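Each remark here refers to the structure printed beneath this line.
There are 2 protein chains.
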Amino acid sequence: MPTIEDIARLANVSIATVSRVFNNKPDVSEKTRERVLQIARELGYEPSMPARSLIKGKTGIVGLIVPDISNPYYSEIVRGIEDTCRTRRYNVILCNADNKREKEFEYIDILKNRWVDGVIFHCDYFSEEHYEAFARKNIPIVLAGRATAYDVPYVAIDNFKAAFDAVNYLISLGHERIGLIHGPLDGMKETIDSVDRLMGYKKALSEAGLKICEDLIAEGDFKAKGGYEAAGKILKAGVKPTAIFAVSDIMAIGALNAVLDFGLKCPEDVSVVGFDNIDLSEITRPPLTTIAQPMYNIGSVAAEILINLINGESVERKRIILDHKLVIRSSCKSI
Amino acid sequence: MPTIEDIARLANVSIATVSRVFNNKPDVSEKTRERVLQIARELGYEPSMPARSLIKGKTGIVGLIVPDISNPYYSEIVRGIEDTCRTRRYNVILCNADNKREKEFEYIDILKNRWVDGVIFHCDYFSEEHYEAFARKNIPIVLAGRATAYDVPYVAIDNFKAAFDAVNYLISLGHERIGLIHGPLDGMKETIDSVDRLMGYKKALSEAGLKICEDLIAEGDFKAKGGYEAAGKILKAGVKPTAIFAVSDIMAIGALNAVLDFGLKCPEDVSVVGFDNIDLSEITRPPLTTIAQPMYNIGSVAAEILINLINGESVERKRIILDHKLVIRSSCKSI
DNA sequence: CCTAAGTTCGTAAACGTTTACGATTCTATT
DNA sequence: AATAGAATCGTAAACGTTTACGAACTTAGG
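Line by line, the protein sequences give chains A and B. 1 is the number of the first residue of the first sequence in UniProt numbering; add one for each residue after it. 1 is the number of the first residue of the second sequence in UniProt numbering; add one for each residue after it.
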């Protein structure tokens, strides 16, 4: 593999000049610039990133820790992150935690060791440890898709308001017995999102003068099967719901199947609304009414902030709330 | 950020000794090893990857070029790749080509420049250019999920046989008018997969003495909408099909919706079989009968081969065909 | 106590860049 | 022609490691 020195020798210049050429620095005549470039091309020269990183103290790499890359919600965020990193000339090291806490921390160690310039995080539960790990090393981090109380920039949506809007829509359609399938709420796996959405649900009901019935509330795990089972529980309870709000599209699809398997029809017998607006949600039958999250943008904006942080630019707003939107398809019917 | 030298000074040893400690080399007493480790811990020392990479000539990073990370088929392969890379202490730089040829080549340049140790490729159309780019630099590459005629290791399935099996299953159920939704076949976007699967379909028909009817064959684009439209074309044609084989689950779901929208029922009126066995395929109604590809394993094995190649180990088999499997669910009915 | 072998450690060069600083060459002005 | 200033270039140090080689020290056997 040819080095800067090989080129210098063949071009009859010093390595400094060659370096200047490749960094588009001034102080080199057009003639020599051409000559150097020509020789470099012939040799198939590529500057060595490790050497550059070493002397600059920057690697041009950002770490990306994500719970599960095969989850369409995450992969869409990842798309946004990857895309703006590319245009800003950064590369991303993919760290798939596989929904395991140990792997997450394993990766944190690896990333510190790799001397990444920054880290984009999307862990379900952002803790003191996460914060400390990088704060001590002055490695900037930003959270994509999740809020936090720590002094860490994040970009997310207003989950409370989003759930509130969804349930309100159902109420406006005349529904009074509205089931809820929320996310994990027990200890380790609890997410702020789940809590916020649950509260949004309750707020909407109570504002409308509807009473909150615990039999209509069940816990899912953000998987289709979990949604299916939660919906089953709700459907089996005494009070027959006329609508179910699942806090993720995947769970909503599970719920959809559950109502079918109960011999009911959607939306005629029970309306269903989801959350996220993943691609999937419009190819179900009926297509899902859902709360759209701007996944791609969440990733994109998070990456933008991180890179600004890396470059020492002051970031005016550290907590960004992006707009959600209710997209109405055919899984809901007025009563 | 503390360096090896800081530690050496505080521990009253030379930098060579510190280096030996962190590489678990012999020739250092237990006492000094402890002392060095202790001081390193206090300082929060992390060895510098760039410096290491520079002197070793290896970065411990592999590039991963993939057409679309948000496609569940790819993301499952990515999971496999990422997982075995992690256990083998490699990191992966994610390159999402976004289904664009330019971005693919942009990334090829970037990866060469990054001095990655190897590259895992999954491009729809592997060409001379792809091959040349890395061959010239002695950077090993392997193809995950796609075969090629070039001298490049790959791991894939036998697409011909898989399609053959799927259609044969339909035939064994008594179907005679079987529609096919294949992938893109025109020039740039053509994939060997699509061709092989199309041929498997035809072979199965002709072996069973059934005639091939062009009206029953339509082209999709591996998207749900494409599957929907292709199925529409097939359904509208003169000969009424009793079954449709779509060459990807996503397209099969589109087809499923099309038969519903034609006022037909699946599987009563028309059976549908898909291809891939992505998670989605079992949460449709009815759950899809499909050809299962071992996506995770394809990625995992590909990574394994690449890493062996990087380490100069001779790879016995360079062309690996993994087993597919027909998974029977409820979207097919005997006639 | 002497020597040989083994154990533990340090010195210095190397990896491929970037960059501050100074040196040389060129151009233009007098 | 002499000189100032600009344009162009080279020298060398630095970045943080790894590692070959050899030096110093320890231990054991006689």
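Where is the CB? At the ideal position from N, CA and C, for every residue including glycine. Quick caveat: nothing in here was measured; it's all calculated off a predicted structure.
Asked: Hey, how far is the Cα of Arg-114 of chain A from the Cα of Ile-310 of chain A?; Found: 16 Å
Asked: So Cys-85 of chain B is in the alpha helix (DSSP H); what residue range does that whole segment cover?; Found: 72 to 87
Asked: Would you report the Cα separation of Ala-156 of chain B and Ala-166 of chain A, rounded to the nearest angstrom?; Found: 44 Å
Asked: As a quick exercise: from A:Val-21, A:Ser-70, A:Ser-248, pick the residue whose alpha carbon is nearest that of residue 347 of chain A.; Found: Coverage of chain A is limited to positions 1 through 335, which leaves residue 347 of chain A absent and any answer about it impossible.
Asked: So which residues on chain B does Ile-93 of chain A lean against when the C-beta distance must stay under 9 Å?; Found: Ile-61, Asn-91, Val-92, Ile-93, Leu-94
Asked: Cutting at 6 Å between CB atoms, please list the residues of its own chain near Lys-318 of chain A, excluding the five before and the five after it.; Found: Pro-153
Asked: Compute the Euclidean distance between the alpha carbons of Met-199 of chain B and Ala-224 of chain A, then round it to the nearest angstrom.; Found: 35 Å
Asked: Could you check which residue in A:Lys-203, A:Gly-209, A:Leu-205, A:Leu-143 has the C-alpha nearest to that of residue 338 of chain A?; Found: Past the edges of chain A, shown from 1 to 335, lies residue 338 of chain A, and the structure says nothing about it.
Asked: From Met-295 of chain B to Asp-323 of chain B, what distance separates their C-alpha atoms?; Found: 11 Å
Asked: List the residues of chain B that Ala-302 of chain A touches, going by C-beta distances under 9 Å, in chain order.; Found: Here the premise fails: no neighbours, minimum Cβ distance about 15 Å.
Asked: Please report the straight-line C-alpha distance between Phe-275 of chain B and Thr-289 of chain B, rounded to a whole angstrom.; Found: 8 Å
Asked: Could you tell me which of A:Met-1, A:Ile-93, A:Val-66 sits nearest to Glu-42 of chain A, measuring between CA atoms?; Found: A:Met-1
Asked: Are the stretch 81 to 92 of chain B and the stretch 25 to 34 of chain B touching, with three or more C-beta to C-beta distances below 8 Å?; Found: no
Asked: Closest by CA to Ile-320 of chain A, which one among A:Ser-300, A:Val-327, A:Val-78?; Found: A:Ser-300
Asked: In chain A, which residues lie with their C-beta within 9 Å of the C-beta of Pro-26 of chain B?; Found: Under the 9 Å cutoff, chain A gives no residues; its nearest Cβ is about 23 Å from Pro-26 of chain B.
Asked: With a cut-off of 8 Å on the beta carbons, I'd call Ile-178 of chain B and Phe-245 of chain B a contact; round off their distance for me.; Found: 6 Å
Asked: Use the C-beta contact count for Ile-335 of chain B: other C-beta atoms within 10 angstroms, 16 or more gives buried, fewer gives exposed.; Found: exposed
Asked: Start and end of the beta strand (DSSP E) containing Ile-192 of chain A?; Found: Counting along the chain, Ile-192 of chain A falls outside any beta strand (DSSP E), though it belongs to the alpha helix (DSSP H) covering 192 to 207.
Asked: Note down, in chain order, every chain A residue with its Cβ under 8 Å from the Cβ of Asn-113 of chain B.; Found: Glu-46, Pro-47, Met-49
Asked: So if I threshold CB-CB distances at 9 Å, which residues from the stretch 120 to 139 of chain A count as touching chain B?; Found: Arg-136, Lys-137, Asn-138
Asked: For Val-239 of chain B and Glu-176 of chain B, I'd like the C-alpha separation in whole angstroms.; Found: 11 Å
Asked: Alpha carbon to alpha carbon, how far is Val-195 of chain B from Pro-241 of chain B? Give it in angstroms, no decimals.; Found: 22 Å
Asked: Can you tell me the Cβ-Cβ gap for Val-218 of chain B and Ile-181 of chain B, rounded? I've got them flagged as a contact below 8 Å.; Found: Just to set this straight, residue 218 of chain B is Ala in the shown sequence, not Val. So it is a contact: roughly 6 Å between Cβ atoms.
Asked: Taking CB distances under 8 Å as the criterion, tell me whether Asn-99 of chain B reaches chain A.; Found: no
Asked: Please compile the residues from chain B whose C-beta is within a distance smaller than 7 Å of the C-beta of Arg-285 of chain A.; Found: Asn-257, Leu-260
Asked: If the cut-off is 7 Å on Cβ atoms, which residues from the stretch 61 to 81 of chain B count as contacting chain A, listed in chain order?; Found: Ile-69, Ser-70, Pro-72, Ser-75, Glu-76, Val-78, Arg-79
Asked: Per DSSP, what are the beta-bridge partners of Val-155 of chain A in this structure?; Found: A:Ala-144, A:Ile-320
Asked: From Gly-118 of chain A to Phe-134 of chain A, what does the alpha carbon distance come to, in whole angstroms?; Found: 9 Å
Asked: Using a cut-off of 7 Å between C-beta atoms, extract the partners of Ala-224 of chain B located in chain A.; Found: Ile-283
Asked: Taking beta-carbon pairs under 9 Å, can you tell me which members of the stretch 230 to 259 of chain B lie near chain A?; Found: Ile-250, Ile-253, Gly-254, Leu-256, Asn-257
Asked: Whole angstroms is fine: what's the gap from Ala-302 of chain A's alpha carbon to Asp-193 of chain A's?; Found: 18 Å
Asked: Distance, Cα to Cα, Gly-227 of chain A vs Thr-17 of chain B?; Found: 57 Å
Asked: Under 8 Å, do His-122 of chain B and Pro-67 of chain B count as touching if we go by C-beta distance?; Found: yes
Asked: Apart from the five residues on each side of it in sequence, which residues of its chain come closer than 7 Å, Cβ to Cβ, to Phe-22 of chain B?; Found: Pro-47
Asked: For the stretch 240 to 298 of chain B, list the alpha helix (DSSP H) runs that are entirely contained and at least 4 residues long, ordered along the chain.; Found: 249 to 261
Asked: Tell me, which residues are paired with Leu-306 of chain B by DSSP?; Found: Answer is none; Leu-306 of chain B lacks a bridge partner.
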